[in-house]
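What follows is one structure encoded as structure tokens, with my remarks underneath.
What follows is the structure, given as structure tokens:
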């Protein structure tokens, strides 16, 4: 590898380096201790340790070339090499291309300048594409060399970054280097002859956390497959931990949770991942989550500045964050002042001429924001003006409508104008009123105390709007939060939910979208729509709005439109309850966008098939209980109680457990504070009931206590009619328990647990996501093993090991074969056995690793035939049950079972003639050949096959599940009769010849090789004599008929091959009488040879085989 020329003082270096070659201008040296017998003694050992600790390139590149000029003590290092071959190539290149040129220069200085320029040019050319994105390309290049040499991973493995740190082996710290790549965490250390090499794949990490104790001040704890690893002494531990967290979550999502990651450009090409890219991604995610912006937004710039707050008459210090379509500001002081300015609302951007370096942004509604002390404010103004030009054309159709009523205060009216326009275009009627205004219009004539309180609340909000502005660009301050905690007034709820959730931005960016989706989804019939129909009347059934066709139809349209928009989620129970509450307070189109905001941004992965998001947040909740309510943790022996009881709290935002009039106050806080509000309230509820829970003897008692508490939560200020209120329905006799007001409960949750930070929740979510997904994976594995263990002789432990190797091989393909057409990504909705399946190429790798017959010369052909035999449904994929059944026969099968397997490999459908295109490779097959032969199936036409599969499928007729078909399919599997020896077709001439060749190959290298060869010769000649005798007893005509019958019995593919042979040489059939053998004949003949029986009944050390496969799996994949 060419190195950036750096000065080396040769005087001191001579003790560590030995001269190998030299000429007038260059010196080739070897590191002391390398390539010497015994490692160069103590000197070599010390040099090796020094290299490792000081991160010397010499550790992995023990050869180097220096450039020297006569009469100078200073030399320049210009190249290094991992082996003699590599360094010799560089030396030869220098002698052929540089040496002749150097003689023309007069001065030594010119020579040195020329050499430096030439070497820099070579480096620039070499790393033009690879290292341009790194902060220090030269250093990164060296680190990459060490990474590749130390761990021997495939060259496609992308190194992201590296850190110096200590790895704790027991109580001893080992100083070395931690390398973080797209798929692995790797560590290397070499101290006094002791080498430590560690490779952990990210998908095997179940726990990743920062810890500290007496010995380790602060360290990173990684738990993988039950083993704990600790790394410490980082220069920037937080930065390292954040990056590790991102890489682990990225790998977990890519491999286990593909449905949430399909549209991610980084996932499409993991080779593009860089440290800087991951950091930018993390910042963008935090930015979008904090300001509730669409997921597509990416953070472009951050500027420290001051924002003028007009109602407080002072400048607040904070950060201005700019993305493609938004300018946002968040203060750094405790006032929590934040502002969101969509560029679609901007009318003008100006700068001041004084020294304040101010940027003034004017928006619709006669409001202006003044940002001062902005660094590079002139360039910023130019950029923003450019962005606004693009934004105004993007939202052109909106701004023309808005300009008609730009003096209006209420921006929600603009949305109304847009939705009305869409409705004129769309024939389908969409509700333009919130259901609450239709079913509970506020009557101003009958003002009772509750209505007066409601009016006072409205007045408080109007005062706030007058001060802070109204609409998407209003100032959000501590006062805003206080008003939200008190409960949003009924008339403003829909508007403010849209605002705080960010749904208003989604709706503005997609005018007319909802009406289009409603029209497109109309009349669709699938599993989701059936479930929606079933649940429609279960959604708030006591509310009059959902006892009428108006409410039911609106709910149907919103849920069906969302299922159409996002088929991966489709419809999930709990969405109906949430949507019905949204429809009470928001217009129909707004309710749709609120549902989008909840499902896709605020509660990610909550409503997919495995509700991973909800399980993750439950784990976060358990962690918070341990931190904040330790006495409850001590009392509860099993923490899973909290998970089971709180699932509905998270999935329905407490709507399913609290009376409706109280639940809406919780939803208010959720849209303002996100999941933080739900976690805080959960803690407050457990804290409120702490004394009762501590005396509960079992879970049932605790659940009863909590349910009784929920029944007694009231909202004394709710203006809803008593017929609708659920809390008031509890009769006075029952309610000897103390009533709790929801406003007091929410206020208490804010006071006690308001110090929980968004960043901490995000970190806990990431940490627990690993644990949750690994737990689900473990469940999948246990279910697969339970099913498979009934059919094989392998022990559960052996099956477990085999499953790990099987899954690992599949993941290796996901790591590096990005565009493999046959690979199917993990689909958790499939039955357990079908979730992971391997193709022929992966099967070959595993066959080489695990099969006791893998030493055979034609092992590639054997792997191919075994794969074809197992692939009964001809989809070119094999699941774990099929795979383990073959391995089990090879390891634990009787003589007859092993022979039967070999026999079946040499007759159709498994057998196909295999010839490698490259004669030099003998029996080895390339990937393309393997793929081609694995797909050679004599099958029905595609459309016919599809029709048959649909006919037999339990899920025919537009997604309806036919239970009867499933039951009959299950019954067929249960009563599948054991295959009899007599059922096996006969083996023809060419197949028998190949069968004999395979046996010869299997015996090669065996201690009894000679006697085995002799035995097989005896068996072959005996069988041929038997066949000859049998043939003489029949006339020639009957012999031919018999043969053609054999071909028919052995399958279509064999018949086709025979036909093609006849076409090439028509005389072959007439001249040479064909013969064939039944399995019983071959078995009986082989049983007479003790050497053959001993060979096949020889016990195999399964444990050792599996251990060896695990240790050499990665290296074997690298070689291939």
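Numbering (this note's numbering), first residue to last: 4 to 1123.
All C-beta atoms, glycine included, are put in the ideal place defined by N, C-alpha and C.
Remember, predicted model here, so these are calculated numbers, not experimental data.
Legend entry - Rounded straight-line distance, which links the Cα of residue 835 to that of residue 152: When rounded, the distance between both Cα atoms is 39 Å.
Legend entry - C-alpha distance - residue 276 paired with residue 1017, whole-angstrom precision: When rounded, the distance between both Cα atoms is 59 Å.
Legend entry - Secondary structure of residue 297, DSSP reduced to three states: Coil.
Inset, instruction - Would you kindly work out how many angstroms separate the C-alpha atoms of residue 408 and residue 345, rounded to a whole number? - result: Because the pLDDT at residue 408 is just 29, under 50, the model does not fix this residue reliably, and the point stays unresolved.
Inset, instruction - Measure the C-alpha to C-alpha separation of residue 118 and residue 101 and round it to an integer number of angstroms. - result: Straight-line Cα distance between these residues: approximately 8 Å.
Inset, instruction - Can you check DSSP and say which residues form a bridge with residue 176? - result: Residue 176 is bridged to 171.
Inset, instruction - If I'm right that residue 562 touches residue 580 with Cβ under 8 Å, what's the distance once you round it to whole angstroms? - result: So it is not a contact: roughly 11 Å between Cβ atoms.
Legend entry - Where residue 101 sits in the DSSP three-state scheme: Under the three-state reduction of DSSP output, residue 101 falls in the coil class, being neither helix nor strand.
Legend entry - Pairwise C-alpha distance: residue 81 and residue 68: Straight-line Cα distance between these residues: approximately 6 Å.
Inset, instruction - Classify residue 317 as buried or exposed, calling it buried when 16 or more other Cβ atoms lie within 10 Å of its own Cβ. - result: The residue in question, residue 317, is exposed, as its Cβ has fewer than 16 Cβ neighbours within 10 Å.
Legend entry - Straight-line Cα distance separating residue 519 from residue 960: Unreliable placement is indicated for residue 960, whose pLDDT of 45 sits below 50; the coordinate value is still reported in the next sentence. Going from the Cα of residue 960 to the Cα of residue 519 covers about 26 Å.
Inset, instruction - Please specify which runs of the beta strand (DSSP E), each continuous and at least 3 residues long, are wholly inside the region 175-257, giving them in chain order. - result: DSSP runs (the beta strand (DSSP E)) wholly in the region 175-257: 175-184, 187-194, 197-204, 208-214, 222-227 and 230-235.
Inset, instruction - Sort 571, 1088 and 777 by Cα distance to residue 229 and report the nearest one. - result: When each option's Cα is compared against that of residue 229, the closest is 777.
Inset, instruction - Quick one: using the 10 Å Cβ neighbour count with 16 as the cut-off for buried, is residue 459 buried or exposed? - result: With fewer than 16 other Cβ atoms within 10 Å, it is exposed.
Inset, instruction - Specify the secondary structure class of residue 547 as computed by DSSP and reduced to three states. - result: Residue state, collapsed to three classes: helix.
Inset, instruction - Determine the extent of the beta strand (DSSP E) in which residue 302 is found, giving its start and end residues. - result: Run containing residue 302: none; DSSP gives neither H nor E here.
Inset, instruction - Using only alpha-carbon positions, find the residue among 682, 357 and 720 that is nearest to residue 759. - result: Taking the Cα of residue 759 as reference, the smallest distance to any Cα among 682, 357 and 720 is reached at 682.
Inset, instruction - Can you have a look at residue 935 and say buried or exposed, based on whether 16 or more other CB atoms are within 10 angstroms of its CB? - result: It counts as exposed.
Legend entry - Separation of residue 251 from residue 258, as counted between CA atoms: Distance between the alpha carbons of residue 258 and residue 251 is about 11 Å.
Inset, instruction - For residue 389, count neighbouring Cβ atoms within 10 angstroms of its own Cβ and tell me buried if that reaches 16, exposed if not. - result: So residue 389 counts as exposed.
Legend entry - Residue range of the unbroken alpha helix (DSSP H) whose run includes residue 678: Residues 678-691.
Inset, instruction - Can you tell me which of the three DSSP states residue 851 falls into? - result: The three-state reading of DSSP puts residue 851 in helix, counting H, G and I together.
Inset, instruction - Report the three-state DSSP secondary structure of residue 86 (helix, strand or coil). - result: It is coil, neither helix nor strand.
Inset, instruction - Would you kindly check if the distance between the Cβ of residue 236 and the Cβ of residue 169 is under 7 Å? - result: Pairing residue 169 with residue 236 gives a Cβ-Cβ distance under 7 Å.
Legend entry - Spatial distance of residue 707 from residue 584 (CA atoms): Cα-Cα distance, rounded: 26 Å.
Legend entry - Cβ neighbours of residue 1 in the same chain (closer than 7 Å, five flanking residues each side left out): What is shown of the chain runs 4 to 1123, which leaves residue 1 out entirely.
Inset, instruction - Report the rounded CA-to-CA distance for residue 813 versus residue 1033, giving the unit in angstroms. - result: So the two alpha carbons sit approximately 50 Å from each other.
Legend entry - Sequence-distant residues of its chain with Cβ nearer than 8 Å to residue 506 (five each side left out): Excluding sequence neighbours, residue 506 sits near 500, 593, 596, 597, 599 and 600.
Legend entry - Euclidean distance between Cα positions of residue 636 and residue 669: Rounded to the nearest whole angstrom, the C-alpha separation of residue 636 and residue 669 is 26 Å.
Inset, instruction - Report buried or exposed for residue 861, applying the criterion of at least 16 other Cβ atoms within 10 angstroms of its Cβ. - result: Residue 861 should be labelled buried.
Inset, instruction - Return the residue from the list 1002, 701, 166 and 479 that minimises the CA-CA distance to residue 315. - result: Ranking the options by Cα distance to residue 315, first place goes to 479.
Inset, instruction - Pick out whichever of 326, 1085, 455 and 542 has its Cα sitting closest to the Cα of residue 347. - result: Residue nearest to residue 347 within the set 326, 1085, 455 and 542 is 326 (criterion: CA-CA distance).
Inset, instruction - Write down the C-beta distance between residue 660 and residue 713 rounded to the nearest angstrom, noting that I regard them as a contact closer than 8 Å. - result: Right, their Cβ atoms sit about 5 Å apart.
Legend entry - Limits of the alpha helix (DSSP H) - the one that residue 747 falls within: 745-756 is the span of the alpha helix (DSSP H), which, as asked, contains residue 747.
Legend entry - Rounded C-alpha distance that separates residue 689 from residue 653: Rounded to the nearest angstrom, the two C-alpha atoms are 15 Å apart.
Inset, instruction - Check residue 3 in the structure and name its three-state DSSP category. - result: Since the first residue of the chain shown is 4 and the last is 1123, residue 3 is not available in this structure.
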